[in-house]
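Using this note's numbering, the letters of the sequence shown map in sequence onto residues 3 to 155.
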Amino acid sequence: MSGGIQDVRAEDITAIHSESGVRIKTTIGRGAYVKDIFHPDDKFDPKAIPVVQNISYSNVVAENVTMAAKLEGIPGAPFTGICIYNVTAEVVKSKKPIWNCTDVEGVSSHVTPTPCAQIPEYPDRITHCPFPEDDLPVNGVGLEECAYQRAKP
């Protein structure tokens with residue numbers, strides 16, 4: 003993490019009995035950023051503040067969850083550019099808040115239940131969240147079926 007993270011995709015996720023479907027975790031002392039891939043170095047700075055920006059969640063359905071989302075930035079260095087579009091969370095009764103948002107900034111559209119104030123809804127202005135359109139090399143990977151039969155001596 004001290005070198006940074008970016009251009010990460012998460013697609014077609016099914017999370018069952020999971021604490022979180024997608025988790026981006028960092029802390030003060032890690033420094034760098036969470037946005038694009040950058041090679042780590044050995045210059046650890048315990049006071050370095052990470053920059054987390056441009057995180058998109060689109061077309062998500064969550065069932066039987068105890069909270070819609072927990073978005074916690076860093077005091078004085080909020081996570082910015084968060085976009086949440088076309089997300090539905092079926093929240094069961096819980097003592098936890100439905101949305102837990104601190105030190106984050108962003109926008110949302112077509113989200114149920116209504117997101118926290120830091121991620122306000124703009125249903126008439128937001129029609130999607132940014133997502134890369136290019137194919138990943140792994141998309142071209144195919145599996146071939148083969149058979150092996152041991153020759154008799």
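Where is the CB? At the ideal position from N, CA and C, for every residue including glycine.
Residue range of the unbroken beta strand (DSSP E) whose run includes residue i
i      : result
Glu107 : 106-114
Asn141 : Per DSSP, Asn141 belongs to no beta strand (DSSP E) and is neither H nor E.
Tyr87  : 81-93
Distance between beta carbons of residue j and residue i, contact taken as under 8 angstroms
i      : j      : result
Pro117 : Ile86  : 6 angstroms
Val109 : Phe81  : Going by Cβ atoms, the distance from Val109 to Phe81 rounds to 13 angstroms, so no, they are not a contact pair.
Cys131 : Gln120 : Wrong, their Cβ atoms sit about 16 angstroms apart, outside the cutoff.
Residue i versus residue j: straight-line alpha-carbon distance, rounded
i      : j      : result
Lys95  : Glu107 : 27 angstroms
Phe133 : Arg127 : 17 angstroms
Cys148 : Lys49  : 55 angstroms
Glu65  : Tyr150 : 44 angstroms
Ala71  : Arg152 : 54 angstroms
Asn88  : Pro122 : 14 angstroms
Arg27  : Pro99  : A small correction: the amino acid at residue 27 is Lys; Arg does not occupy that position in the sequence shown. Distance between the alpha carbons of Lys27 and Pro99: 20 angstroms.
Thr156 : Glu92  : Here the chain has residues from 3 to 155 only, and residue 156 is not among them.
Gly144 : Ala34  : 36 angstroms
Thr29  : Glu146 : 43 angstroms
Phe40  : Asn56  : Reliability fails at Phe40, whose pLDDT of 30 lies under 50, so the model's placement of it is uncertain and the value that follows must be treated cautiously. Spanning the two alpha carbons is a distance of roughly 16 angstroms.
Asn141 : Arg25  : 23 angstroms
Asp2   : Pro155 : Residue 2 lies beyond the range of the chain shown here (3 to 155); nothing can be said about it.
Nearest candidate by alpha-carbon position, reference residue i, set the options
i      : options                       : result
Ile84  : Gly78, Ala91, Leu73           : Leu73
Ile51  : Val67, Lys27, Ile76, Ile57    : Ile76
Tyr59  : Val113, Lys154, Ala119, Gly31 : Val113
Pro125 : Ser111, Leu138, Pro155        : Ser111
Val62  : Asp136, Trp101, Thr90         : Thr90
Asp105 : Gly78, Pro155, Lys97          : Gly78
Three-state secondary structure (DSSP) of residue i
i      : result
Thr56  : At residue 56 the sequence reads Asn, which differs from the Thr that was named. Asn56: coil per DSSP, three-state reduction.
Ala70  : coil
Cys118 : coil
Cys103 : strand
Glu123 : strand
Glu65  : strand
Ala50  : coil
Ile128 : coil
Ile76  : strand
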